[in-house]
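First the structure, in the form of structure tokens, and then the observations on it.
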Amino acid sequence: MAESERLVFFHVLLRMDDIQLCKDIMKLKQELRKIVAVPDAEKTKKHRQREEKLIQEIHQLVQKRDFLVDDAEVERLREQEEDKEMAEFLQQKLSPLSASSCEDLEIPQSKSYLNLMNISLLTEH
């Protein structure tokens, strides 16, 4: 698997994990809302225990998602830095080639080329 394919795969996995965590958090929040809606006078010990457990589970999932998002941001910054370094490297390697290539470039001065240039100029107006 090529490096670019691995990166795409990594990003897809991160996104899938993020989506799943969001779904799990929403599900737990819905259940928590139902329990919170029960008046305190009517809450049983089981209600209170479940409420506490839901809060802990939501907190753990939020922490896990925060870590995932932070990890994705670190990876994005690393990739950005690698892209910058590669661009600088390529510019250093290709600059001498492009300068010498431009100097050696001959512009054709044949009659047909000039006619094409005139036609081109006429059609642009």
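If you number the sequence shown the way our numbering does, the last residue is 128 and the count never jumps. From the three backbone atoms N, C-alpha and C, an ideal C-beta is built for every residue, glycine too.
From residue i to residue j, what does the alpha carbon distance come to, in whole angstroms?
i	j	result
E54	Q63	14 Å
K30	V65	13 Å
F12	L57	32 Å
T47	I28	24 Å
E8	E85	16 Å
A75	M89	21 Å
R79	K96	26 Å
L17	V77	13 Å
D69	D21	9 Å
K67	Q33	19 Å
M19	R81	21 Å
A40	Q52	15 Å
S98	K87	16 Å
A5	E91	22 Å
Q59	Q83	36 Å
Q94	K26	45 Å
Does the beta-carbon of residue i, which I'm using as the reference point, lie nearer than 7 Å to any heavy atom of the ligand MG?
i	result
E91	Ligands displayed in this structure: none; no statement on the ligand MG is therefore possible.
What whole-angstrom Cβ distance do residue i and residue j have, given they're in contact under 8 Å?
i	j	result
E35	I61	Here residue 35 turns out to be Leu, not Glu, going by the sequence shown. With 8 Å as the limit, L35 and I61 qualify as a contact, their Cβ atoms being about 7 Å apart.
Nearest to residue i by CA position, among the options, is which residue?
i	options	result
K37	K26, A44, H50	H50
V15	Q52, V41, Q94, V72	V72
Query - Those runs of the alpha helix (DSSP H) which lie wholly inside the stretch 7-80 and span at least 4 residues - result: none
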